[in-house]
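*Asks:*
4 protein chains.
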Amino acid sequence: MRAVTFQAPGEVLVADVPEPEISHPGDAIVRIDATGVCGSDLHIYHGRVQVEQGFTLGHEYVGTVVSIGDDVHGIAVGDRVLGCFQTACGRCYFCRRGLFHKCDSSRTFGHGATLGSLAGTQAELALVPSADLVLRKVPQGMSDEVALFAGDVMGTGYHAVLESGMRAGDTAAVLGLGPVGLCAVQVAKAAGAARVLAIDSVPERLAMAESFGALPVHLTEQDTRAAVRDATEGRGVDVCIDAVGHPDAFDLALRLTRKCGTVQAIGVYAERAQVHMGLLWIKSLHVCAGHANVLGHVDGVLAMMSAGLLDPSPLVTHHMSLEEAPDAYALYDRREALKIVLTP
Amino acid sequence: MRAVTFQAPGEVLVADVPEPEISHPGDAIVRIDATGVCGSDLHIYHGRVQVEQGFTLGHEYVGTVVSIGDDVHGIAVGDRVLGCFQTACGRCYFCRRGLFHKCDSSRTFGHGATLGSLAGTQAELALVPSADLVLRKVPQGMSDEVALFAGDVMGTGYHAVLESGMRAGDTAAVLGLGPVGLCAVQVAKAAGAARVLAIDSVPERLAMAESFGALPVHLTEQDTRAAVRDATEGRGVDVCIDAVGHPDAFDLALRLTRKCGTVQAIGVYAERAQVHMGLLWIKSLHVCAGHANVLGHVDGVLAMMSAGLLDPSPLVTHHMSLEEAPDAYALYDRREALKIVLTP
Amino acid sequence: MRAVTFQAPGEVLVADVPEPEISHPGDAIVRIDATGVCGSDLHIYHGRVQVEQGFTLGHEYVGTVVSIGDDVHGIAVGDRVLGCFQTACGRCYFCRRGLFHKCDSSRTFGHGATLGSLAGTQAELALVPSADLVLRKVPQGMSDEVALFAGDVMGTGYHAVLESGMRAGDTAAVLGLGPVGLCAVQVAKAAGAARVLAIDSVPERLAMAESFGALPVHLTEQDTRAAVRDATEGRGVDVCIDAVGHPDAFDLALRLTRKCGTVQAIGVYAERAQVHMGLLWIKSLHVCAGHANVLGHVDGVLAMMSAGLLDPSPLVTHHMSLEEAPDAYALYDRREALKIVLTP
Amino acid sequence: MRAVTFQAPGEVLVADVPEPEISHPGDAIVRIDATGVCGSDLHIYHGRVQVEQGFTLGHEYVGTVVSIGDDVHGIAVGDRVLGCFQTACGRCYFCRRGLFHKCDSSRTFGHGATLGSLAGTQAELALVPSADLVLRKVPQGMSDEVALFAGDVMGTGYHAVLESGMRAGDTAAVLGLGPVGLCAVQVAKAAGAARVLAIDSVPERLAMAESFGALPVHLTEQDTRAAVRDATEGRGVDVCIDAVGHPDAFDLALRLTRKCGTVQAIGVYAERAQVHMGLLWIKSLHVCAGHANVLGHVDGVLAMMSAGLLDPSPLVTHHMSLEEAPDAYALYDRREALKIVLTP
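Protein chains in written order, with this note's numbering: chain A, 1 to 344; chain Z, 345 to 688; chain G, 689 to 1032; chain C, 1033 to 1376.
#1: Apart from the five residues on each side of it in sequence, which residues of its chain come closer than 8 Å, Cβ to Cβ, to G:Cys976?
#2: Over the uninterrupted alpha helix (DSSP H) stretch that includes Z:Lys533, give me the two end residues.
#3: State yes or no: is the beta carbon of Z:His641 nearer than 8 Å to at least one beta carbon in chain C?
#4: Does the beta carbon of Z:Asp514 sit closer than 8 Å to a beta carbon anywhere in chain C?
#5: Assuming contact is defined by CB atoms lying nearer than 8 Å, are C:Tyr1361 and C:Tyr1077 in contact in what I supplied?
#6: Nearest CA to the CA of G:Arg893: which residue from G:Met689, G:Thr1005, G:Thr744 and G:Asp1021?
#7: Pull out every residue of the stretch 273-288 of chain A whose Cβ sits closer than 9 Å to any Cβ of chain C, in chain order.
#8: Shorter than 8 Å from the beta carbon of A:Glu323 to some beta carbon of chain C?
#9: For Z:Gly427, write down the residues that DSSP places opposite it in a beta bridge.
#10: G:Gln828: buried (16+ other C-beta within 10 angstroms of its C-beta) or exposed?
#11: I'd like to know if G:Gly786 contacts chain A, where contact means its C-beta is closer than 8 Å to some C-beta of that chain.
#12: Between the stretch 954-963 of chain G and the stretch 609-623 of chain Z, can you find at least three pairs of beta-carbon atoms closer than 8 Å?
#13: Does the distance from the CB of Z:Ala535 to the CB of Z:Val406 come in under 8 Å?
#14: Output, in chain order, the set of chain Z residues within a Cβ distance shorter than 8 Å of C:Leu1165.
#15: What are the boundary residues of the beta strand (DSSP E) that Z:Ile412 is part of?
#16: Compare the C-beta of C:Val1333 with all C-beta atoms of chain G and state if any pair is closer than 8 Å.
#17: Less than 6 Å between C-beta atoms, sequence neighbours within five positions excluded: which residues of the same chain meet that for G:Pro904?
#18: Name the chain C residues that come within less than 8 Å of Z:His417, Cβ to Cβ?
#19: Scan the stretch 623-673 of chain Z and note each continuous beta strand (DSSP E) run of 3 residues or more that stays entirely inside, going in chain order.
#20: Quick one: does G:Pro1000 have its CB under 8 Å from some CB of chain A?
#21: Leaving out five residues on either side along the sequence, give the residues of the same chain with a beta carbon under 7 Å from the beta carbon of Z:Thr452.
#22: What do you get for Z:Pro362, buried or exposed, if any count of 16 or more other CB atoms within 10 angstroms of its CB means buried?
#23: Considering A:Pro247, what are the terminal residues of the alpha helix (DSSP H) in which it resides?
#24: If contact means a Cβ-Cβ distance below 7 Å, which residues of the stretch 372-387 of chain Z contact chain G?
#25: Which of helix, strand or coil does DSSP assign to G:Ala703?
#26: Report the start-end ranges of each beta strand (DSSP E) in the stretch 358-402 of chain Z that is 3 residues or longer and not cut off at the edges.
#27: Counting only the same chain and skipping the five closest in sequence on each side, list residues whose C-beta sits under 7 Å from that of C:Ala1357.
#28: For A:Ala292, which residues in the same chain have their Cβ closer than 6 Å to its Cβ, ignoring the five residues on either side in sequence?
#29: Can A:Leu57 and A:Gly120 be called in contact, C-beta distance under 8 Å?
#30: Span of the alpha helix (DSSP H) holding Z:Thr500?
#31: Looking only at DSSP bridge pairs, what is Z:His417 linked to?
#32: Assuming G:Met650 contacts G:Asp1015 under a Cβ cut-off of 8 Å, what Cβ separation, rounded to an integer in Å, is found between them?
#33: Quick check on A:Ala226: does DSSP put it in helix, strand or coil?
#34: Under 8 Å between the Cβ atoms of G:Leu870 and G:Phe900?
#35: Taking just the CA atoms, how far does C:Glu1253 sit from C:Arg1287?
#36: Is the CB of A:Pro350 under 8 Å away from at least one CB in chain G?
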């Protein structure tokens, strides 16, 4: 079958690879109908995250079940499904507490040996372990391009908001309006935020956030702290979502958040950084961090997307064929796209 | 000054009563601009809740501060304010835990000696004790008729949803589409419920709930349990709000709610009733009950109303003058109104 | 192999039954070292819960793994294990939320066709499905008779306290000092209750609760409400655990609990009952109900028992051989025992 | 009256100062029976926290009410009381949410103009504003030296544990065994921690923690990470309390805590620091920070101390007279004392 494979930093190749086979009773095989290119794929493309040469990429996907193992109960051959970007065992210490994202034997699609050697979904077929936990039927009437957000980007926006403890009536700020930040804006609004301040420096992204109901604030051309003070009687926001993953964003988040508020660091951090611990301490802030528990939240995300409360379709800027993947990666790398959907 | 006073079951009279005076440094006096007639007033009108003859009624109000005690800090003379239906001391065991509705020395406006001998707000002036806790400035641009919902009916809808633990993406049912039920529908939708089933037997109320985004279900002409099953893959709703206060409603709530879900009994119960404890137990349900903590939630309600996420104005069916109060009570008693706003 | 089988109300028989076999890759077979006789067994013995003639009884057990399926990871042949009284699939809607006790395909040991046709553990061998979720290794140094409480009675006491939201420093009351009530007393004390009032009418049980650190209150010879008032500055307890399962107990729980407190109905309810809904409502109480989520709590229970913070051994009043099961049931039926441990 | 006053870094003087007077109806005046010297006093003594020359120090106190304003309800003249180290208004945005430690107009005893110009309690008399919120009656039978811990050091230990979300059965680590760390050890044990690892480098403090039920781990002579692994099946602790307030402690806390666990930074941070954000992120940790909400927790602390579940008396190493304050400060500065109690 055809699949998008990593070759070297800056180089992906659509190549013939062996078809996957069921090897465990909990497995399913899905024929991919649509698969996304994501910011995480860029980390691999840039060589910052290392995968083996020839490894199949991709972890956002919608498709049709073509084969299942003996111990899969929730879905059947022929079901139209979407999947989560990682797997979980359902039985370890963390899974038993619903912390599927920290499963002791989790595997991530398309991320090479480091994350479990699980071939990616930018391919004609994908093997899905723990199919009962990882896959969900696509609700009636939902398009492929909407559905594939549930298992990754919208799931991440949902996690960011729900795990922050934000309540209806609160004011939130979202720093960084890439796909995750924009999804977080949608979720915060849909979950009842009275106001969402959306902060970035790209006018198109600010405009999209505004169209989702947020108050756009330009990072450098406006005074972000003044904007937050004006919106909160001087207190600061109840919840600040850092969808950037850079020390400057985290520092700004500490400043924009009210006493006893929450900073949700959903943007990726991988290194040491200077943090104003004094500010964190004197304001009695809460910090949560880490990637999303997409398996734990996918039902809620699907329910809201199905009801039309969340709609990621404006984020889809490009549709391309799987064979055009090298162009898609290059285009995404030039930051000319928010979300590219590939069709095998 | 003129005030609506209780005379006997079925009889209210607009009479001259003495003007209130500041007697404690935490007091404020508010000149009433608008005041509502509420379902609780009907309990008094019917004689089910007893108040003294001549007692001033009313507990929903918007107005202007005309005088304050020495120890009021949050508001000033001239401020346009709305108030909560009850007071709280801010210092007792319950207030210290934010449970203002269970304050050991709480007083309720317009409910006679039983609830603290605090004259009602269907009058030209009202004395407001603990003004810092009870009053809030009306946000810029909010009409009187919207603002007066914050301190009672919408506050109750908000409490019902928020205290139930409902999360964005959940499915809720609301039993009983009086003003509180309709407000609960609005709050549930605004807080991210994927679906809200609104159950009643009055077509106009069902239509209004539908206009708020709910799925209307006729109590007797439709199969409520089937409707819930269809909406929840057979599981039952995550949260069921009983805004009726009748054993039949509570019983239906137990049946409509999924295992480990929550039944929120916001409707008034005053007596013993048959309860299917076996059903409650085998489904591991949670039950919460009691009237709303309006003081604890008024900031969130105001923020959402101010942002346009909640809008009680469709519930206002009648505007009348204070002098017309006897007609207003009679009309409300005939169930021809959802909310009547009186203007002194 | 030998097993305790149900024959008719009032009659159990130790008989030869076929040995179990692994039929699913998640199964394990455990050679039973000790198994308890529990209050739930009495429901069957009395015919109130119906099981098939010849069905093997029992659901409390400690033993040694003698065989495992291909998909069991957490344990190995030769491990000394204890188990929970029910199974869970780990993948359904409820399991994914950690609500293992409400698993859509849960099976309970020794309860006949109604609860999943899973042979009981009062036998030489037991088949344990979903072994990864159901079994745990017995911590070093823990006796059989202590360990077998983790998967049922102590797990129930732990659930009752932890799921009630009780906090360190709170005051709790426990109604009914059978094995579950006594375990709840231990857990409440170990979890930091400043005071635990233990209420029953059996002097020996009151004395045991007192030895666990509770304040004993005789149900009929003392004034329970006065005792609670004295212990709580007149407020009522923060949490009241009804370990009885009778309308009178529930009614007393409503009266003993403070405003906004929690009534935890862990005792079994199967029918309709008169409930003082007015009291529930005016006090704004929370009610939780249902049997324990033992799978979800077994790690915490084991950690506390292993540290010596919980010690059910005083509850073990009798050790008997499996062959003496008919005598054991008769003795338990005469209420002469708190916990009988059978050894095959 | 006599009072301990700040003169210059390293110099305190017991001097005659004017007696306090009631100036607000919520005030009380307390005749001090015992007052502590605390680590926070040392910050002033060292000049790191600046107060005016001649300002009265101290914020831990037990005494007798000698005078009250017209609007104090919870206590009366003659009551033996203890107090919290800071005041709160009970009415602002933060107080209404129970976040008394972040009250917009909070004042701290003995900390000069920066924290509200409220004279300290190392004196014969102290003025206590918001007396209803700040003071509590000393429970029958509780000694002065125990009671004065409730409003500061033990309240801080209690906050650290309770606000971390630690549950009975969890494993906790406490870094830094000064008075706050040792109190946190006691609270964690009393709240049901299965294991508490107590980490420091001072043998006497490790021995005291061990006497409170903790597993002592020497910071430099033992391998702290190995000790945590051994105690947690390799996972890390559920909750790690940093009672040090130094970047090295915070870094160690990030390493010792399990995935999705909580780091509670109760130790004081005032500046920027290097933080391993990558570790925080990849482990999906929660961080809480800031000083304790002592007003919000004092009831729970008193209940547990009164029941004997918490006993700070072993921490009292010295009793001295108020006149000996200069010696007391010098001795505390030489780290020869854990807690010094001064008697006027």
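Just so it is clear, CB atoms sit at the ideal spot from N, CA and C, and this is done for glycine as well.
Note that the structure is predicted; figures quoted are calculated from it, not measured.
*Replies:* Result, derived from the coordinates:
#1: Glu851, Ser852, Thr950, Val951, Gln952 and Ala953.
#2: Secondary structure note for Z:Lys533: its alpha helix (DSSP H) is the uninterrupted segment Pro523 to Ala534.
#3: Chain C contact via Cβ: absent.
#4: Closer than 8 Å: no.
#5: Going by beta carbons, C:Tyr1361 and C:Tyr1077 fall inside the 8 Å limit.
#6: If we check each option's Cα against that of G:Arg893, G:Thr1005 comes out closest.
#7: Look at the stretch 273-288 of chain A: the residues with a C-beta under 9 Å from a C-beta of chain C are Ala273, Gln274, Val275, His276, Met277, Gly278, Leu279, Leu280, Trp281, Ile282, Lys283, Ser284, Leu285, His286, Val287 and Cys288.
#8: Cβ-Cβ to chain C under 8 Å: no for A:Glu323.
#9: For Z:Gly427, which the question treats as bridged, DSSP gives the partners Z:Leu479.
#10: Label assigned to G:Gln828: exposed.
#11: Put simply, the CB of G:Gly786 is near chain A, with a gap under 8 Å to one of its CB atoms.
#12: With a cut-off of 8 Å, the stretch 954-963 of chain G and the stretch 609-623 of chain Z count as touching, because enough Cβ pairs lie within range.
#13: Not a contact, by the Cβ cut-off of 8 Å.
#14: Result: Arg435 and Arg440.
#15: Element bounds for Z:Ile412: Tyr405 to Ile412.
#16: So, interface residue.
#17: Hits under 6 Å: Ala886, Leu894, Ala897 and Glu898.
#18: Cys1121 and Arg1123, listed in chain order.
#19: If we require 3 residues or more, the beta strand (DSSP E) runs fully inside the stretch 623-673 of chain Z come out as 630-633 and 660-665.
#20: For G:Pro1000, not one C-beta of chain A is nearer than 8 Å to its own C-beta.
#21: Hits under 7 Å: His403, Phe429, Gln430, Leu459, Gly460 and Leu462.
#22: Counting other Cβ atoms within 10 Å of its Cβ, Z:Pro362 stays below 16 and is therefore classed as exposed.
#23: Unbroken alpha helix (DSSP H) run through A:Pro247: Pro247 to Leu256.
#24: Answer in chain order: no residues at all.
#25: Three-state result, G:Ala703: strand.
#26: Runs of the beta strand (DSSP E) inside the stretch 358-402 of chain Z: 372-381.
#27: Scanning its chain for C-beta atoms nearer than 7 Å, with the 5 sequence neighbours on each side dropped, one finds around C:Ala1357 the residues Val1036, Val1044, Val1046, Gln1154 and Leu1374, in chain order.
#28: Shown here for A:Ala292: same chain residues with a beta carbon closer than 6 Å to its own, the five before and five after excluded, namely Gly155, Thr156 and His159 in chain order.
#29: Cβ distance < 8 Å, so A:Leu57 and A:Gly120 count as in contact.
#30: Membership of Z:Thr500 in the alpha helix (DSSP H) is indicated by the continuous run Val497 to Leu506.
#31: Residue pairing of Z:His417 in beta bridges, as defined by DSSP: absent, with no partner found.
#32: Given a span of 689 to 1032 for chain G in the structure shown, any question on residue 650 of chain G remains unanswerable.
#33: Of the three classes helix, strand and coil, the one that applies to A:Ala226 here is helix, per DSSP.
#34: Going by beta carbons, G:Leu870 and G:Phe900 fall inside the 8 Å limit.
#35: Their Cα atoms are separated by approximately 18 Å.
#36: No statement about residue 350 of chain A is possible, as the shown extent of chain A runs from 1 to 344 and does not include it.
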